[in-house]
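Each remark here refers to the structure printed beneath this line.
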Amino acid sequence: ENQGREALSFEHAFGPGWKQIWRVMVRSLRQESLVSPAQAAGLAQAAGISIDGDAPLSHRDRRQKPIHLSRFPRLAADRLAFFFQSLRWIDRQPSSKGGGSFDEATDSLTGIRFDPGSIPSLTQIIPAYNEVVI
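So the sequence shown is numbered by our numbering: it starts at 171 and just counts up by one.
Put into structure tokens, the structure is as follows:
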């Protein structure tokens, strides 16, 4: 299958189930009204999937269509740009085994032998009502 650089990075980081993860991300952008239904469908089609996950894409819908983030609302474009920049950072990291190479079976989130305990915990502070976080 002919995939772009971002799709390959996505698959590298998330493993064989990356398209399902992408579908959930795109649905979330649509549910938060950050992208239109047509834009969400375009993002899904760029990965060769449908937004609803039920109907397989026709050959015409599967063709590669570049995604230009400048055509998306600013917040959605910023989120997508940050996400794909993060994938590039993940691509450059050594394996969790210390061997220096990424092993898809154990290091990708949908890998066969992935251990959820290997993900470092994350704490996030979200200010509410214009509070200042120091």
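Every residue, glycine too, gets a C-beta built ideally from N, C-alpha and C.
Around the C-beta of residue i, are 16 or more other C-beta atoms found within 10 angstroms, so that it is buried, or is it exposed?
i	result
residue 178	exposed
Let me check understanding here. Comparing Cα to Cα, which of the options lies closest to residue i?
i	options	result
residue 180	256, 248, 286 and 283	256
residue 280	174, 182 and 176	182
residue 278	202, 188 and 175	188
residue 253	223, 192 and 207	192
residue 286	175, 190, 184 and 236	184
Identify, in the order they occur along the chain, each residue of the same chain with its Cβ nearer than 6 Å to the Cβ of residue i, setting aside the five sequence neighbours on each side.
i	result
residue 241	none
residue 237	216
Go through its chain and collect everything with a Cβ distance to residue i's Cβ below 8 Å, but skip five positions before and after it.
i	result
residue 205	196, 199, 213, 242, 243 and 246
residue 283	275 and 276
Looking only at its chain, what residues have a beta carbon closer than 7 Å to the beta carbon of residue i, apart from the 5 residues adjacent to it on each side?
i	result
residue 209	242
residue 223	193
Exercise. Counting Cβ pairs, one atom from each stretch, are 3 or more of them under 8 Å apart for the region 254-263 and the region 209-217?
Worked result: Counting C-beta pairs closer than 8 Å gives fewer than three between the region 254-263 and the region 209-217, which falls short of the contact rule.
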